[in-house]
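Asker: Just so we're aligned: the sequence shown equals residues 40 to 205 in the working numbering.
C-beta: ideal position from N, C-alpha, C; glycine also.
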Amino acid sequence: MSADAEGVYQIFQKFTKGNGNLDYVDARGACDVFKELGYFISESDMFSLLGDLSYSMRENDDAISTRSAMSYHSEKIDYFKFLQLFQIFKTQKENEGSEEDLVDAFIALGGNKNKSGYINISQINDLCLKFGLSFDIISIAKEANITVEDGKLDYFQFKSIMSNEE
Numbered sequence: 040m041s042a043d044a045e046g047v048y049q050i051f052q053k054f055t056k057g058n059g060n061l062d063y064v065d066a067r068g069a070c071d072v073f074k075e076l077g078y079f080i081s082e083s084d085m086f087s088l089l090g091d092l093s094y095s096m097r098e099n100d101d102a103i104s105t106r107s108a109m110s111y112h113s114e115k116i117d118y119f120k121f122l123q124l125f126q127i128f129k130t131q132k133e134n135e136g137s138e139e140d141l142v143d144a145f146i147a148l149g150g151n152k153n154k155s156g157y158i159n160i161s162q163i164n165d166l167c168l169k170f171g172l173s174f175d176i177i178s179i180a181k182e183a184n185i186t187v188e189d190g191k192l193d194y195f196q197f198k199s200i201m202s203n204e205e
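(1) Terminal residues of the continuous alpha helix (DSSP H) containing F195?
(2) If contact is defined by three or more beta carbon pairs under 8 Å, each pair taking one atom from either stretch, is the segment 121-139 in contact with the segment 167-183?
(3) With distances taken between CB atoms, is the gap from Y194 to K154 smaller than 8 Å?
(4) Applying the criterion that 16 or more other CB atoms from any shown protein chain within 10 Å of the CB defines a buried residue, is Y111 buried or exposed?
(5) With 16 as the cutoff for other CB atoms within 10 Å, does S202 come out buried or exposed?
(6) Using CA coordinates, which residue listed in Y118, S137, R67 is at the minimum distance from E45?
(7) I'd like the list of long-range same chain contacts for I163, defined as Cβ closer than 6 Å, with 5 residues on each side in sequence excluded.
(8) Note the first and the last residue of the continuous alpha helix (DSSP H) segment covering L166.
(9) Could you give the first and the last residue of the continuous alpha helix (DSSP H) run that contains A183?
(10) Within its chain, find whatever has a CB closer than 7 Å to the CB of I185; leave out the 5 residues flanking it on each side and keep chain order.
(11) Pull the bridge partners of F78 from the DSSP assignment, please.
(12) Excluding sequence positions up to five away, which residues of its chain have a Cβ less than 6 Å from the Cβ of G68?
(13) In whole angstroms, what is the alpha-carbon distance linking L76 and V47?
(14) Ends of the alpha helix (DSSP H) at K154?
(15) Measuring only the C-alpha atoms, how far is Q52 from S93?
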């Protein structure tokens, strides 16, 4: 479910504690707001998000542990912090979707669901030609410093090529 900013704020307000402009939710309340917005998140995942947020806010410091995030951040989550958590959550979900798509493609080309096995580069090239795409997987692999043995790629090599990761 997608909601505009006013709708998100109204839902947030339903679960707040405090008085007027100092409204906040705790971790459980934040989970409830997520649920109302159509997203399930456990409290432990919420604490992980709080740790991610704390880490991103303190780039030059060491990342704090989830336990520290629980004790330091779980008491009061204001609306601004909630929006930051929600953005991190949505970004992580989008990345999971991309990962699922890559796994599906790997399976379709002959790999295994658990990311084991290999796929043949010739199959990738044939598929690309079938869809009118003209690029050389071997060249892309070389540019990404990926060694291709026997014309086959494992999942992580495939992912690196498809994601342009090194």
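Answerer: Quick answer:
(1) 194-202
(2) no
(3) yes
(4) Low local confidence applies: a pLDDT of 45 at Y111 is under 50, so the model's placement there is unreliable, with the coordinate-based value given in what follows. Residue environment: Y111 is assigned as exposed (fewer than 16 neighbouring CB atoms within 10 Å of its CB, all protein chains considered).
(5) Under this definition S202 is an exposed residue.
(6) Y118
(7) I176
(8) According to the DSSP assignment, L166 belongs to the alpha helix (DSSP H) that extends over 160-169.
(9) For A183, there is no enclosing alpha helix (DSSP H), as DSSP marks it with neither H nor E.
(10) Q196, S199, I200
(11) For clarity, residue 78 is Tyr in the given sequence; the question names Phe instead. Y78 pairs with nothing; no bridge assigned.
(12) F54
(13) 7 Å
(14) No alpha helix (DSSP H) holds K154; DSSP gives it neither H nor E.
(15) Straight-line Cα distance between these residues: approximately 23 Å.
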